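Report on the structure given below.
Protein chains: 2
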Amino acid sequence: MIKRTKGVTISQVADAAGVARSSVSRAFTRPDMLSPETVTRIMKAAEALGYVPNHTARALSTGRHGNVGLIVPDIANPFFPPLIQAAQLEADRSDFCIFLGNTEENPKQEDKLVGRFAGQVEGLVLASSRLSDERIRAHAGQLPLVLINRDIDGIPRVLIDSGSGVRQAVEHLAKLGHRRIVYVSGPSNSWSNKQRRTAIKAAASGLGIVVETVPAVLASYNSGRNAVSAILATGATAAVAFDDLTAQGVLAGLSEKRVSVPSDFSLIGCDDVLGAVTYPALTSVSNRSTEAGRVAVSLLLDMLQSRAIRDVRYVLETHLVVRNTTTAAR
Amino acid sequence: MIKRTKGVTISQVADAAGVARSSVSRAFTRPDMLSPETVTRIMKAAEALGYVPNHTARALSTGRHGNVGLIVPDIANPFFPPLIQAAQLEADRSDFCIFLGNTEENPKQEDKLVGRFAGQVEGLVLASSRLSDERIRAHAGQLPLVLINRDIDGIPRVLIDSGSGVRQAVEHLAKLGHRRIVYVSGPSNSWSNKQRRTAIKAAASGLGIVVETVPAVLASYNSGRNAVSAILATGATAAVAFDDLTAQGVLAGLSEKRVSVPSDFSLIGCDDVLGAVTYPALTSVSNRSTEAGRVAVSLLLDMLQSRAIRDVRYVLETHLVVRNTTTAAR
DNA sequence: GAGTTCCATGCAACCGGTTGCATGTCAAGT
DNA sequence: ACTTGACATGCAACCGGTTGCATGGAACTC
Numbered sequence: 008m009i010k011r012t013k014g015v016t017i018s019q020v021a022d023a024a025g026v027a028r029s030s031v032s033r034a035f036t037r038p039d040m041l042s043p044e045t046v047t048r049i050m051k052a053a054e055a056l057g058y059v060p061n062h063t064a065r066a067l068s069t070g071r072h073g074n075v076g077l078i079v080p081d082i083a084n085p086f087f088p089p090l091i092q093a094a095q096l097e098a099d100r101s102d103f104c105i106f107l108g109n110t111e112e113n114p115k116q117e118d119k120l121v122g123r124f125a126g127q128v129e130g131l132v133l134a135s136s137r138l139s140d141e142r143i144r145a146h147a148g149q150l151p152l153v154l155i156n157r158d159i160d161g162i163p164r165v166l167i168d169s170g171s172g173v174r175q176a177v178e179h180l181a182k183l184g185h186r187r188i189v190y191v192s193g194p195s196n197s198w199s200n201k202q203r204r205t206a207i208k209a210a211a212s213g214l215g216i217v218v219e220t221v222p223a224v225l226a227s228y229n230s231g232r233n234a235v236s237a238i239l240a241t242g243a244t245a246a247v248a249f250d251d252l253t254a255q256g257v258l259a260g261l262s263e264k265r266v267s268v269p270s271d272f273s274l275i276g277c278d279d280v281l282g283a284v285t286y287p288a289l290t291s292v293s294n295r296s297t298e299a300g301r302v303a304v305s306l307l308l309d310m311l312q313s314r315a316i317r318d319v320r321y322v323l324e325t326h327l328v329v330r331n332t333t334t335a336a337r
Numbered sequence: 008m009i010k011r012t013k014g015v016t017i018s019q020v021a022d023a024a025g026v027a028r029s030s031v032s033r034a035f036t037r038p039d040m041l042s043p044e045t046v047t048r049i050m051k052a053a054e055a056l057g058y059v060p061n062h063t064a065r066a067l068s069t070g071r072h073g074n075v076g077l078i079v080p081d082i083a084n085p086f087f088p089p090l091i092q093a094a095q096l097e098a099d100r101s102d103f104c105i106f107l108g109n110t111e112e113n114p115k116q117e118d119k120l121v122g123r124f125a126g127q128v129e130g131l132v133l134a135s136s137r138l139s140d141e142r143i144r145a146h147a148g149q150l151p152l153v154l155i156n157r158d159i160d161g162i163p164r165v166l167i168d169s170g171s172g173v174r175q176a177v178e179h180l181a182k183l184g185h186r187r188i189v190y191v192s193g194p195s196n197s198w199s200n201k202q203r204r205t206a207i208k209a210a211a212s213g214l215g216i217v218v219e220t221v222p223a224v225l226a227s228y229n230s231g232r233n234a235v236s237a238i239l240a241t242g243a244t245a246a247v248a249f250d251d252l253t254a255q256g257v258l259a260g261l262s263e264k265r266v267s268v269p270s271d272f273s274l275i276g277c278d279d280v281l282g283a284v285t286y287p288a289l290t291s292v293s294n295r296s297t298e299a300g301r302v303a304v305s306l307l308l309d310m311l312q313s314r315a316i317r318d319v320r321y322v323l324e325t326h327l328v329v330r331n332t333t334t335a336a337r
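Line by line, the protein sequences give chains B and S.
The numbering used here applies: residue 8 is where the first sequence begins, and numbers increase by one.
The numbering used here applies: residue 8 is where the second sequence begins, and numbers increase by one.
Structure (structure tokens):
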């Protein structure tokens, strides 16, 4: 049967090597302070005993535990896994571990997670936070914070500017002759949603296009599907959805209602997370989630290093990826 | 500008409340040992100072830090997010936090992550581990471990028995008149892959069906797509793919080669992660990933509670979900 | 009213490291 | 030969809690 080995401590290593505990500590953290022979002797003893430094103890005395937290609203949304993956990779490069939190789009849960993480992490990345500005500011007062897709003065943030891509989407639709389009909006407390809606309205009004907004409440397949009746009721000939998931739901809803895409109706998604794998392949606005994850963590680690908070605002541009769900208006 | 608040310690609270440090500690951990008045006095003082117990210090003296690790091979594979989400929810119920690790299907990375996590977590869940049995056994000697989709004697494990569903899939194809089918296999070090291949062969031989195996190497869209030539070369009329992602790739590859599904070729996936959203909707073997995540964490927390390792083998049955990618053989 | 119990609280050691300062040694400087 | 300094190492306090044991007073017993 399997039995557990108990921890070897620094004292045991010190005894075995015939030195003081402090020397063992230094052998691991600042070997340059010791003579090379002492270091090797200590290392040999440590190896023989199977010594592994105790992370917790080290964290207690240094105040640094080498963890950062990452909180996302919905891990199952394909926008996030690449972001998480990139964040983890970047953290790894500096020997940091990632605590992952999933809030299920619920600000209460988010607050709770932040509280639980604080004290175990040196800093936090909040991706697409659903918290109010005040709560975020409050948290930022407790520990280093970097935001993704949330634009608050004084707090370092990485923004995926879907505005640029959305503008191209509207221009694309205009060129195809669409004069009346729908924006299928996402979560009301989402910064990206606000940004996209604003960008669409601005672009449309410049091109003489009418935009109606149909709410989808959540960013999900089902809310997209449920929004279809309302979308068709507007008399529009094309729609831009808050994200690809919503668009996919709209696609399904349209197909159920025998409205074929793109011949009867044009559809554009956002985030380009499944563009190539829907049928027809979805025209979408590119995302930069991988970069966002990487940059956010790298920014955070910088802050931890320098102990300074710079007011960084890192913007990532996007563009339209045209596939098969858009065509000329009838 | 934002400034950080420094930590309030137990001593400050003790001074403010006019008691010993130990009393403050007990007020938070074992209030029944103190008189109610003392507890309220301490709590009031703590509140006033904004005291929050230091997680690290507590962990050091108790040896319990309330974290468990979860390691998966690929976050971006849609099989895992629901599992992760469920694991997190379950951990949350007991006030545990989840450390997430992503190995990118790389055993080296997995080993490294386990090492880095050990010492910060009380236990570990390895989902679809790509490590060798020996490595897993070695890790299990260091800390409590629960496996998902990996069957090793003596180590608690949660198994999604796709065998039952795969058997149904083969029977389904047999009933439709297919006599020659392909199994598009997944990662060679995947337990699920082995299980599925075995189940298919067993079921097929009982029904007088010929099975050819075509390797897809990784569980991904692209490997599925690349496998299509080899699949068609076998002359089979139907295929079962290692997972839905692979199936989706196969679907795309077939469509590029003008082989239409299901009229020319029948296809079945596994894990049912995107069945309803492909076109045509994919027939697939159901998954139980949410339950697997939940059960694994709950098992792990049990182990931590009781300090005992029981040889648990928790099996979750699956079944075939018929949609639109299968039809009678020509 | 003295002896016994019980309860609330304090004392101090401990968890396993880190680190400022003191000490001792040896070589270089004059 | 004596001072000076650099360097390697040890000592002990500290990080912020937890916990076994001791203590003192109140309540209870006879």
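Cβ atoms here follow ideal geometry from the backbone N, Cα and C, with glycine treated the same way.
This structure is a prediction, so every number in the text was calculated from the model and none was measured.
Straight-line Cα distance separating residue j from residue i
{"i": "R186 (chain S)", "j": "E324 (chain S)", "result": "26 Å"}
{"i": "I9 (chain B)", "j": "G161 (chain S)", "result": "Note that I9 (chain B) scores a pLDDT of 49, beneath 50, so its modelled location is shaky; the value from the coordinates is reported in the next line. Approximately 7 Å, taken between the alpha carbons."}
{"i": "S32 (chain B)", "j": "R48 (chain B)", "result": "13 Å"}
{"i": "V280 (chain S)", "j": "D251 (chain S)", "result": "6 Å"}
{"i": "A64 (chain S)", "j": "I188 (chain S)", "result": "60 Å"}
{"i": "L152 (chain B)", "j": "G130 (chain B)", "result": "6 Å"}
{"i": "R123 (chain B)", "j": "Q116 (chain B)", "result": "10 Å"}
{"i": "S136 (chain B)", "j": "Y190 (chain S)", "result": "43 Å"}
{"i": "G193 (chain B)", "j": "V224 (chain B)", "result": "5 Å"}
{"i": "G231 (chain S)", "j": "A237 (chain S)", "result": "10 Å"}
{"i": "R100 (chain S)", "j": "G73 (chain S)", "result": "12 Å"}
{"i": "R83 (chain B)", "j": "L107 (chain S)", "result": "Reading the sequence as shown, one finds Ala at residue 83 (chain B) and not Arg. Answer to the nearest angstrom: the Cα atoms are 14 Å apart."}
{"i": "F87 (chain B)", "j": "I275 (chain S)", "result": "27 Å"}
{"i": "G170 (chain B)", "j": "S267 (chain B)", "result": "28 Å"}
Minimum C-alpha distance to residue i - residue among the options
{"i": "S296 (chain B)", "options": "B:A254, B:T45, B:V304", "result": "B:V304"}
{"i": "S197 (chain B)", "options": "B:L307, B:V46, B:P80", "result": "B:P80"}
{"i": "R28 (chain S)", "options": "S:S18, S:A53, S:R320", "result": "S:S18"}
{"i": "A299 (chain B)", "options": "B:D39, B:G14, B:P89", "result": "B:P89"}
{"i": "V330 (chain S)", "options": "S:P194, S:L180, S:A34", "result": "The question names Val, but residue 330 (chain S) is Arg in the sequence shown. Nearest of S:P194, S:L180, S:A34 to R330 (chain S), Cα basis: S:L180."}
{"i": "F272 (chain S)", "options": "S:G25, S:E141, S:A335, S:R137", "result": "S:A335"}
{"i": "R320 (chain B)", "options": "B:L306, B:S169, B:S212", "result": "B:L306"}
{"i": "G76 (chain S)", "options": "B:A315, B:F86, B:I105, B:A125", "result": "B:I105"}
{"i": "Y228 (chain B)", "options": "S:G184, S:N294, S:A243, S:A283", "result": "S:A283"}
{"i": "G213 (chain B)", "options": "B:Q175, B:H326, B:P222", "result": "B:Q175"}
{"i": "N109 (chain B)", "options": "B:A147, B:L120, B:V302", "result": "B:L120"}
{"i": "R164 (chain S)", "options": "S:A24, S:S291, S:A21, S:R301", "result": "S:R301"}
Neighbour list for residue i in chain S, Cβ cutoff strictly below 7 Å
{"i": "R123 (chain B)", "result": "C104"}
{"i": "N109 (chain B)", "result": "Q92, Q95"}
{"i": "A66 (chain B)", "result": "T63"}
Interface residues of chain S facing residue i [CB-CB closer than 9 Å]
{"i": "G126 (chain B)", "result": "G14, V59, P60, N61, H62, T63"}
Backbone secondary structure at residue i - three-state DSSP
{"i": "L311 (chain B)", "result": "helix"}
{"i": "G14 (chain B)", "result": "coil"}
{"i": "G130 (chain B)", "result": "strand"}
{"i": "E112 (chain S)", "result": "coil"}
{"i": "R164 (chain S)", "result": "strand"}
{"i": "T220 (chain S)", "result": "strand"}
{"i": "R295 (chain S)", "result": "coil"}
{"i": "N196 (chain B)", "result": "coil"}
{"i": "F106 (chain S)", "result": "strand"}
{"i": "T325 (chain S)", "result": "coil"}
{"i": "M8 (chain B)", "result": "Here the model assigns M8 (chain B) a pLDDT of 44, short of 50, so the residue's position is not dependable, and the following value carries that caveat. Reduced to three states, the DSSP call for M8 (chain B) is coil."}
{"i": "L154 (chain B)", "result": "strand"}
{"i": "T36 (chain B)", "result": "helix"}
Closer than 7 Å at the beta carbon, the chain B residues around residue i
{"i": "I82 (chain S)", "result": "P88, I91, Q92"}
Check: residue i C-beta below 7 Å from any heavy atom of the ligand GDP
{"i": "F87 (chain B)", "result": "Annotation note on the ligand GDP: not contained in the displayed structure, which lists no ligands."}
9 Å Cβ cut-off: residues of chain B touching residue i
{"i": "Y5 (chain S)", "result": "Absent from the model: residue 5 (chain S). The displayed extent of chain S is 8 to 337, so no value can be given."}
Proximal chain S residues relative to residue i, where beta-carbon distance stays under 8 Å
{"i": "L306 (chain B)", "result": "Neighbours of L306 (chain B) on chain S: none; closest Cβ ~15 Å, over 8 Å."}
Neighbour list for residue i in chain B, Cβ cutoff strictly below 8 Å
{"i": "L274 (chain S)", "result": "Per Cβ cutoff of 8 Å: no residues; L274 (chain S) is ~14 Å from chain B at best."}
{"i": "A237 (chain S)", "result": "The premise fails here: A237 (chain S) is roughly 21 Å from chain B at the closest Cβ pair, so nothing lies under 8 Å."}
(Q) Does the segment 89 to 96 of chain B come into contact with the segment 157 to 173 of chain S, if we say contact requires no fewer than three beta-carbon pairs (one atom in each stretch) closer than 8 Å? (A) Proximity of the segment 89 to 96 of chain B to the segment 157 to 173 of chain S falls short of the contact definition, fewer than three beta-carbon pairs being nearer than 8 Å.
Touch check for the segment 199 to 207 of chain B and the segment 260 to 268 of chain B: three-plus C-beta pairs under 8 Å? In the pairwise beta carbon analysis, the segment 199 to 207 of chain B is classified as not touching the segment 260 to 268 of chain B: fewer than three pairs are separated by under 8 Å.
Checklist entry - Does the pairing of the segment 246 to 258 of chain B with the segment 212 to 230 of chain B give three or more beta-carbon distances under 8 Å? => result As far as the Cβ criterion goes, the segment 246 to 258 of chain B touches the segment 212 to 230 of chain B, which means the pair count is three or higher.
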